[in-house]
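Going by this note's numbering, the sequence shown opens with residue 1, and the numbers climb by one from there. Glycine included, each C-beta is placed from N, C-alpha and C at the ideal position. Input: a single structure, listed below in structure tokens.
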Amino acid sequence: MRDLSIIENSKTESLLLADYVRTHFSQCDCISILEAGCGQSWALDLNGIEYSLTGIDIDEDALALRKENFDDLDNTIIGDLRTLDLPDKQYDLIYNAFVLEHIEDAEKVLNNFYRWLKPNGLLILKIPDRDSVYGFLARNTPHWSHILFYRHIKNCLHAGQPGYAPYPVIYDDSISRSGIRNFCKKYDLELIKELGKNNYIKEKQVTGWLVKYSAMLMSICSLGYLSWRHNDLVFIIRKKATGPNLSTTPTI
Ligand SMILES: C[S@@+](CC[C@H](N)C(=O)[O-])C[C@H]1O[C@@H](n2cnc3c(N)ncnc32)[C@H](O)[C@@H]1O
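What follows is the structure, encoded as structure tokens:
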């Protein structure tokens with residue numbers, strides 16, 4: 001697979017995604033957005049376009065905190081993205097950030113996204129790359145160590161409490177870079193952008209250099225299998241106007 005273009009931080013990523021969404025839907029009066037696995041805050045500044053925002057999350061506490069802190073959702077649904085029965089072709093944009101790595105059988109969620117998306121709709125996926133040094137460490141270390149990392153390194157006071165990250169990770173094969181490419185092939189989806197994001201190596205800090213060289217070393221030890229230049233994958237995917245028929249879900 002070819003090398004990914006790298007986005008250097010989350011702010012640049014959000015601006016890029018918001019710009020893309022604004023341009024894609026510039027002719028629409030009002031778009032319906034599904035924030036799938038919404039958690040506590042909405043990341044895109046879509047100033048300039050009208051939209052209605054539906055948030056789905058399995059964690060009632062996270063949704064309660066979202067309401068308490070922002071109250072920015074037009075509709076909320078508590079449920080599991082694998083099993084929710086929503087009408088087909090309902091959303092112009094499905095935004096799904098840092099959720100799929102927590103779900104077993106994540107392919108069921110991807111299949112639902114295809115169903116729920118309108119033709120010409122966009123799917124934005126953000127997923128830590130399971131085959132990066134970062135992803136490798138995340139899936140091979142215990143959950144309690146993630147809680148400690150969030151509390152003491154990321155300074156998240158409430159880490160691990162109800163409604164707060166980190167959530168246990170699974171990293172299903174279907175959400176690897178090649179898994180998402182297969183998903184696009186299966187449904188004849190257009191993979192518009194596939195980017196890597198690096199927000200774990202902060203070179204302006206002394207510790208950043210330590211992290212960088214440790215990650216490079218791990219990458220070398222894996223004979224280049226684990227990438228170190230990015231930790232997250234970002235996909236912008238478009239559902240074509242004439243995708244496969246939903247009654248005959250294709251297999252890869
Ligand atoms: C790491 S948080 C990410 C939240 C938010 N998207 C963000 O970027 O900050 C993961 C979220 O996915 C939700 N989640 C995990 N499994 C889910 C499932 N099967 N169905 C719906 N939501 C799920 C969790 O409850 C949590 O709110």
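Who are the near neighbours of residue 193 in its chain, counting only those whose CB is closer than 6 Å to its CB and skipping five residues on each side?
-> By one-based count along the sequence shown, residue 193 stands at place 193. Closer than 6 Å at Cβ, skipping near neighbours: 236.
Taking DSSP as the reference, what is the three-state secondary structure of residue 57?
-> Start at 1 with the first residue of the sequence shown, and residue 57 comes out as number 57. Note: residue 57 maps to strand in three-state DSSP.
If you compare alpha carbons, which of 167, 32, 44 is closest to residue 291?
-> The structure shown does not extend to residue 291, since the chain is modelled only from 1 to 252, so the question has no answer here.
For residue 162, which option in 56, 133, 13, 60 has the closest C-alpha, if you only look at C-alpha atoms?
-> To locate residue 162, count along the sequence shown from 1; it is residue 162. Per the Cα distances, 60.
7 Å CB neighbourhood of residue 229 in its chain, flanking five on each side removed | The count along the sequence shown starts at 1 and reaches residue 229 at position 229. Excluding sequence neighbours, residue 229 sits near 6, 196, 198.
Helix, strand or coil at residue 255 [DSSP, three-state] | With the chain represented from 1 up to 252, any question about residue 255 goes unanswered, as that position is not in the structure.
Is residue 58 near ligand 1, with its Cβ less than 6 Å from a heavy atom?
-> Counting from one through the sequence shown, the residue named residue 58 turns up at place 58. Residue 58: yes, Cβ under 6 Å from ligand 1.
Should residue 127 and residue 15 be called a contact, given that it needs their Cβ atoms to be closer than 7 Å?
-> Residue 127 sits at position 127 when you count from the first residue of the sequence shown. Residue 15 sits at position 15 when you count from the first residue of the sequence shown. No; because the gap between Cβ atoms is not below 7 Å, this pair is not in contact.
Got a sec, what are the start and stop residues for the beta strand (DSSP E) residue 76 sits in?
-> Residue 76 sits at position 76 when you count from the first residue of the sequence shown. That run of the beta strand (DSSP E) goes 75-78.
Going along the chain, which residues of its own chain have a beta-carbon closer than 6 Å to the beta-carbon of residue 211, five neighbours each way excluded?
-> In the sequence shown, counting from the first residue as 1, residue 211 sits at position 211. If we look at residue 211 and ignore the five residues flanking it on each side, its Cβ neighbours are 201.
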